[in-house]
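Have a look at the structure below before the remarks.
2 protein chains.
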Amino acid sequence: MTDRIQEFLAERRRAGRDNGPCLVVDLDVIRENYRGFARALPDTRVFYAVKANPAPEVLSLLASLGSCFDTASVPEIEQTLAAGATPDRISFGNTIKKERDVARAYELGIRLFAVDCVEEVEKIARVAPGSKVFCRILCDGSGAEWPLSRKFGCAPEMATGVLEHAHRLGLQAYGVSFHVGSQQTDPRKWDGALKSAADIFRDLAERGITLQMVNLGGGFPTKYLKNVPAVKQYGNAIFRALSKHFGNRLPETIIEPGRGMVGNAGMIEAEVVLISKKSEAEGELRWVYLDIGKFNGLAETIDEMIRYPIRTEADGAPTTPCVIAGPSCDSVDVLYEKKPYELPISLEIGTKVLIEGTGAYTTTYSAVGFNGFPPLETFII
Amino acid sequence: MTDRIQEFLAERRRAGRDNGPCLVVDLDVIRENYRGFARALPDTRVFYAVKANPAPEVLSLLASLGSCFDTASVPEIEQTLAAGATPDRISFGNTIKKERDVARAYELGIRLFAVDCVEEVEKIARVAPGSKVFCRILCDGSGAEWPLSRKFGCAPEMATGVLEHAHRLGLQAYGVSFHVGSQQTDPRKWDGALKSAADIFRDLAERGITLQMVNLGGGFPTKYLKNVPAVKQYGNAIFRALSKHFGNRLPETIIEPGRGMVGNAGMIEAEVVLISKKSEAEGELRWVYLDIGKFNGLAETIDEMIRYPIRTEADGAPTTPCVIAGPSCDSVDVLYEKKPYELPISLEIGTKVLIEGTGAYTTTYSAVGFNGFPPLETFII
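These protein sequences, in sequence, are chains A and B. As numbered in our numbering, residues 1 to 381 make up the first sequence, in order. As numbered in our numbering, residues 382 to 762 make up the second sequence, in order.
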């Protein structure tokens with residue numbers, strides 16, 4: 001909680017506008033985070049993962065600080081250009097692209113594309129000739145609070161063929177990317193993926209193709225309930241792993257922080273709508289229903305993956321275990337049940353709670369009008 | 382697939398407007414479904430679950446056919462009134478309501494409210510005096526493809542106290558509701574819940590309080606890949622269970638179909654963005670990426686719960702197992718992986734597929750702008 005957010009919320013209450021849940025994002029925190037990454041990884045370019053929070057104010061700030069951008073779609077490319085980034089600072093980082101979207105991106109000046117198969121390489125060769133491509137490889141996501149599925153990337157042994165195919169089609173086989181899993185709390189996890197990347201560099205060098213870049217992906221955590229290592233520790237561990245696997249011929253590197261850049265800059269204020277019991281048999285277990293849930297901002301509570309810190313005015317007072325659920329008429333809209341959440345006994349219907357670490361992956365995940373509830377209101381300050 | 386939907390999609394293609402996924406809903410199918418419910422349960426009032434698809438055209442059609450409406454929020458109440466329903470045909474069916482929303486609903490003329498605890502009864506007594514309330518009870522959801530969580534309802538033994546409390550506070554203790562689970566394919570599942578409801582009627586009668594209504598909830602299935610029993614079979618099974626537990630003093634009854642009313646009226650047209658392999662080790666398994674996924678319409682594929690029929694032009698040709706995923710840069714946006722989906726070998730990048738049974742729980746679940754992708758485009762014809 002920053003002073004600026006606190007003042008903003010107090011003013012909103014005084015004005016009587018605190019009528020529904022809202023997210024407040026403090027740009028000062030994002031500025032600090034950007035500088036933290038730049039200091040921890042001084043030779044690495046930062047490509048902010050726009051999907052984490054594409055608010056124009058966030059993009060403009062980062063553009064002005066010199067950040068590059070990892071985008072998932074043509075609309076994200078357009079938003080990023082509108083915020084002042086030049087096309088040479090934008091990567092089309094989604095491995096799943098319609099050919100006409102690749103063409104449109106090329107028209108907009110984009111020359112850097114992610115791929116993970118020959119089929120995608122062929123699209124790019126047809127409509128974005130001469131562009132740089134990097135191939136995403138699958139890697140072990142253990143140690144991440146949110147290990148990724150196998151949706152993106154190919155087996156490392158396939159990547160050589162994919163990049164060679166790109167080279168043959170006149171594209172620039174530029175490098176390798178991977179993602180060690182979202183909210184990765186173990187800085188050593190980059191090591192294994194960097195070993196695979198170095199192997200691919202060598203294999204291609206033997207075929208006369210010189211790769212230049214390793215995209216270290218995202219995965220940098222934000223603090224939720226548990227402490228996470230400082231970004232400096234990630235920088236050190238990554239530098240050690242790079243030196244170990246690439247020796248003194250270090251490649252260009254980029255990172256794609258999303259959560260790590262904006263997560264701790266945001267705070268949601270929500271309201272307790274109902275506190276009740278389901279049955280006498282459940283003892284002291286209470287159900288606490290908030291006016292925010294899985295469908296209007298907190299989608300990342302799916303499978304109880306992300307456990308947000310929830311602050312109340314009564315913090316410090318005795319607690320009881322609570323199931324926490326959202327306001328919708330949808331049975332899956334339960335935030336924490338498998339592992340109930342301790343909240344103060346004195347918590348009352350109608351009081352406000354603060355949900356920390358909600359600057360990333362909340363606003364645009366919000367449903368358009370699920371159950372009639374409006375999308376999450378957002379203020380960037 | 383109806384002829385009207387087929388013609389609409391053909392026309393859209395001819396006009397070159399088939400640029401992204403879209404849902405087409407055929408009102409004729411909804412009209413038939415409404416009549417089917419009315420015939421199968423002639424003494425039961427239909428309260429359409431607005432959340433399933435709140436398109437104004439859908440609400441207007443149902444209002445004109447005489448339907449009542451189950452709403453989840455004040456915006457849904459306002460949408461329903463705007464579509465021509467009178468307040469006496471609207472239930473505020475969400476058990477989780479802000480007191481100021483109850484007050485606003487009362488102002489709009491709503492006099493029928495769901496509750497599942499004394500705390501909610503007290504809100505209603507304060508700001509919606511004299512209204513009718515029904516208490517939702519928990520019941521066994523076995524047999525449902527989507528069993529509900531314990532989010533809504535209280536243990537049947539608590540319901541008596543909740544309704545007695547309502548009576549004491551000057552509200553009309555009106556009845557009992559339950560939900561046997563979404564996409565419930567066993568018509569006999571209403572029996573157990575109706576036994577609990579009859580017990581509550583008796584307990585309250587002994588205390589001098591006469592309940593009048595049983596809300597049989599939703600759960601009526603729509604056809605996805607497997608056939609489901611006809612609505613007539615539900616009508617028969619429910620009538621038998623009502624007679625068994627209530628004898629010749631049958632209560633008023635209402636049903637709240639959502640999926641069963643609009644599910645089969647809608648069809649999504651989507652496009653194959655990419656087909657690839659992850660590794661040689663996976664044999665013939667392919668990954669098929671569509672331009673629609675969990676975040677722009679198909680949220681109900683969560684945990685692979687709803688398995689939509691996917692039609693392609695090559696249906697009937699030899700198939701291979703496929704993992705199906707959405708277009709976003711989000712690792713959880715995978716539709717079917719645990720149990721891969723058989724799709725024709727000849728399926729190609731760029732071809733269209735049709736996803737059936739998508740009239741319910743698609744449009745408003747769609748995210749506002751996740752990964753820059755727009756919400757699901759919808760046409761009501």
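Glycine included, every Cβ here is placed at the ideal spot set by N, Cα and C. Here the structure is a predicted model, which means the values were calculated and not measured.
Beta-carbon gap between residue i and residue j smaller than 9 Å
| i | j | result |
| --- | --- | --- |
| A/VAL334 | A/ILE324 | yes |
| B/CYS520 | B/GLY534 | yes |
| A/SER91 | A/CYS117 | no |
| A/PHE8 | A/ILE255 | no |
| B/ILE736 | B/ILE649 | yes |
| A/GLN183 | A/ARG259 | yes |
| A/MET261 | A/PHE220 | yes |
| A/GLY93 | A/THR222 | no |
| B/LYS432 | A/ASP330 | yes |
| B/LEU408 | B/GLU438 | yes |
| A/GLU119 | B/LEU728 | no |
| B/LYS479 | B/LEU493 | no |
| B/TYR615 | B/LEU422 | yes |
| B/LYS532 | B/LEU575 | no |
| B/THR759 | B/LEU440 | no |
| B/LYS743 | B/GLU681 | For clarity, residue 743 of chain B is Thr in the given sequence; the question names Lys instead. For B/THR743 and B/GLU681, yes; Cβs fall inside 9 Å. |
| B/ALA695 | B/PRO725 | yes |
| A/ALA55 | A/THR80 | no |
Residue(s) in a DSSP beta bridge with residue i
| i | result |
| --- | --- |
| A/ILE5 | According to DSSP, which records beta bridges pairwise, A/ILE5 is partnered with nothing at all. |
| B/GLY556 | B/PHE515 and B/MET594 |
| A/ILE355 | A/ILE268 and A/ILE310 |
| A/PRO318 | None, per the DSSP bridge assignment. |
| A/VAL400 | There is simply no residue 400 of chain A to check, as chain A begins at 1 and stops at 381 in what is shown. |
| A/CYS22 | A/GLU269 and A/GLU377 |
Helix, strand or coil at residue i [DSSP, three-state]
| i | result |
| --- | --- |
| B/PRO721 | strand |
| A/GLU282 | helix |
| A/PRO251 | coil |
| B/PHE760 | strand |
| B/LEU366 | Residue 366 of chain B falls outside the range modelled here, since chain B spans only 382 to 762, and no answer is possible. |
| A/ILE275 | strand |
| B/PRO537 | helix |
| A/TYR289 | strand |
| A/ALA367 | strand |
| B/LEU408 | helix |
| A/THR196 | Correcting the residue type first, residue 196 of chain A is Ser in the shown sequence and not Thr. Here A/SER196 sits in helix by DSSP. |
| A/LYS294 | coil |
| A/MET305 | coil |
| B/ASP572 | helix |
| B/ARG398 | coil |
| B/TYR415 | helix |
Within chain B, the residues that residue i reaches when beta carbons sit closer than 9 Å
| i | result |
| --- | --- |
| A/ASN94 | PRO708, SER709, CYS710 and ASN752 |
| A/SER415 | Lying before the first or after the last residue shown, residue 415 of chain A is absent from chain A, which here runs from 1 to 381. |
Partner residues on chain A for residue i, Cβ-Cβ distance less than 8 Å
| i | result |
| --- | --- |
| B/VAL369 | This structure cannot speak to residue 369 of chain B, because chain B is shown only from 382 to 762. |
| B/LEU529 | SER331 |
| B/GLN460 | GLY372 |
| B/ALA536 | LYS278, SER279, GLU280 and ALA281 |
Chain-ordered neighbours of residue i on chain A, where CB pairs are closer than 9 Å
| i | result |
| --- | --- |
| B/LYS513 | In chain order: nothing, as chain A lies at least about 19 Å away. |
| B/MET642 | Here the premise fails: no neighbours, minimum Cβ distance about 15 Å. |
| B/MET539 | LYS277, LYS278, SER279 and GLU280 |
| B/PHE533 | CYS329 and SER331 |
| B/LYS432 | SER328, CYS329, ASP330, PHE370, ASN371 and GLY372 |
7 Å Cβ cut-off: residues of chain A touching residue i
| i | result |
| --- | --- |
| B/GLU388 | Correct list: empty, because the minimum Cβ distance to chain A is about 25 Å. |
Chain B contact residues for residue i, given Cβ-Cβ distances below 8 Å
| i | result |
| --- | --- |
| A/GLU57 | Near A/GLU57 there are no residues of chain B at all, since even the closest Cβ is about 15 Å away, more than 8 Å. |
| A/VAL180 | In chain order: nothing, as chain B lies at least about 12 Å away. |
| A/SER60 | What A/SER60 touches in chain B: nothing, since even the nearest Cβ is about 17 Å away. |
| A/VAL127 | Ordered by position in chain B, no residue passes the 8 Å Cβ test against A/VAL127, which lies about 13 Å from the chain. |
| A/PRO54 | GLY750 and GLY753 |
Per-residue contacts from residue i into chain B (C-beta, under 7 Å)
| i | result |
| --- | --- |
| A/TYR289 | ILE477 |
| A/ASP18 | Within 7 Å Cβ-Cβ: nothing; A/ASP18 doesn't reach chain B, min ~12 Å. |
| A/ILE349 | GLU500 |
| A/PRO42 | Ordered by position in chain B, no residue passes the 7 Å Cβ test against A/PRO42, which lies about 27 Å from the chain. |
**Item:** 3 or more residues per run - each beta strand (DSSP E) lying fully within the region 41 to 126 of chain A
**Value:** Runs of the beta strand (DSSP E) lying entirely within the region 41 to 126 of chain A and spanning at least 3 residues, in chain order: 44 to 49, 68 to 71, 90 to 92 and 112 to 115.
**Request:** Report the residue ranges of all beta strand (DSSP E) runs contained in full by the region 594 to 619 of chain B; include only those spanning at least 3 residues, in chain order.
**Result:** Runs of the beta strand (DSSP E) lying entirely within the region 594 to 619 of chain B and spanning at least 3 residues, in chain order: 594 to 596.
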